[in-house]
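Asks: The structure is given below, and queries will be raised subsequently.
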Amino acid sequence: MIYFLSDSHLGSRVITDPQAHQQKLVNLLQTMGKDASEIFLLGDVFDFWYEYFWERMPEREVLAEHTLPKGKRPFALLLMCLRDLVQKGVKVHYFIGNHDIWTFGGLTRSTGVEVHRKPIVINRFGKEIMLAHGDGLVPKDYVEQLPKAVQRKIRSFMLLRAFFHCSVPQYIFRAMPPRWGDGIGYAWAKNSRQKELDHPCPYKGEKEEELILFAKEQEKQQHIDYYIFGHRHIELDIQITTQSRVLILGDMFKQWTYAAMNEKGEMQLLNIEE
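Just so we're aligned: the sequence shown equals residues 757 to 1030 in the numbering used here.
This is how it looks when you write it as structure tokens:
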């Protein structure tokens, strides 16, 4: 089996019991590990993640709660779970999202996960699959068709995204004491989560949902059987052509939805709760 999940936002300041939340995710991953050949984590696993110059993630052989940098110790359960999965032969892929862009080798050194920074296309069990977190995937000429206020909002997000991905501010931020940097990062992330809770953005419909339009645009250039995205925090499984589906994975803190693919190439969107 191959599993796909995203958007757990571990450490979010709006989650009332962060340790119970992390344990629930770890329990799910351990269950998946019993029959998984691969697990794809499609971004925003952490609500904020930064690897500073002042701390160093330990090598896999010495990973334990007491060896982790202070700011990473709350995530010891997940990090050790990922390491154990990799050591058992499960290939774990980690896609950066828009909250956990800033890994500079630490996650790979400590857990063995393979980090992906851009969308990829893979072939598994005879099926072509495009995988991405989903932020920044805007179809051509899409923004120009929207109201001016929405255009400004999207362009502001894209500028902020470009800034976060720029090596110069990344270098400067890495030089901060972790306590300061985490204070800024978690406050920003909490504000983002609170806005989402106060003003949720539900499914916009097939003609307006950016990731569906992006997939349809991509399909004109190359056939893909499954497009799998995170980011939007909506649970969606939609057929866009007779042979192509778009799956948006929901999340791992409210909906607890994920996708699973068997050796016949059949894909399902699943939920661990009623």
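Ideal Cβ positions, reconstructed from N, Cα and C, are used throughout, including at glycine.
Out of Gly939, Ala1016, His987, Thr998, which one is the CA nearest neighbour of Tyr959?
Replies: Residue His987 is the option with its Cα nearest to Tyr959.
Asks: Based on DSSP bridge pairs, tell me the residues matched to Asn854.
Replies: None; Asn854 has no bridge partner.
Asks: Cβ atoms of Asp800 and Gly853: under 7 Å apart, would you say?
Replies: The answer is yes: Cβ separation under 7 Å.
Asks: Along the chain, where does the beta strand (DSSP E) that runs through Phe770 open and close?
Replies: Rather than Phe, the amino acid found at residue 770 in this sequence is Val. Element bounds for Val770: n/a, residue is neither H nor E.
Asks: Less than 7 Å between the beta carbons of Ala943 and Phe809, yes or no?
Replies: Cβ distance not < 7 Å, so Ala943 and Phe809 don't count as in contact.
Asks: What number of angstroms, rounded off, separates the C-alpha of Thr787 from the C-alpha of Ser912?
Replies: Going from the Cα of Thr787 to the Cα of Ser912 covers about 40 Å.
Asks: Name the DSSP beta bridge partners of Leu784, please?
Replies: Bridge partners of Leu784: none, in fact.
Asks: At 4 residues or longer, what runs of the alpha helix (DSSP H) sit wholly inside the stretch 807-881?
Replies: Segments of the alpha helix (DSSP H) lying fully in the stretch 807-881: 832-843, 862-867.
Asks: Kindly indicate the opening and closing residues of the beta strand (DSSP E) around Ala1015.
Replies: Residues 1013-1017.
Asks: Which complete alpha helix (DSSP H) runs does the stretch 957-996 hold, if anything under 4 residues is left out?
Replies: Correct list: 966-975.
Asks: For the alpha helix (DSSP H) that Ala931 lies in, which residues bound it at each end?
Replies: Segment: none, Ala931 is in no alpha helix (DSSP H) and carries neither H nor E.
Asks: For Val818, count neighbouring C-beta atoms within 10 Å of its own C-beta (all shown protein chains included) and say buried if the count is 16 or more, exposed if not.
Replies: Burial call: exposed.
Asks: Any idea if Trp936 is buried or exposed, counting beta-carbon neighbours within 10 angstroms, 16 or more meaning buried?
Replies: Trp936 comes out exposed.
Asks: Mind reading off the beta-carbon distance from Ile984 to Ile885? Whole number of angstroms is fine, and I expect it under 8 Å.
Replies: About 6 Å; that satisfies the 8 Å criterion.
Asks: Work out the CA separation of Asp856 and Ile928 for me, nearest whole Å.
Replies: Ile928 and Asp856: Cα-Cα distance of roughly 17 Å.
Asks: By DSSP, does Leu915 sit in helix, in strand, or in coil?
Replies: Leu915: helix per DSSP, three-state reduction.
Asks: Below 7 Å CB to CB, which residues in the same chain sit around Glu1019 once its five sequence neighbours on both sides are set aside?
Replies: Excluding sequence neighbours, Glu1019 sits near Phe881.
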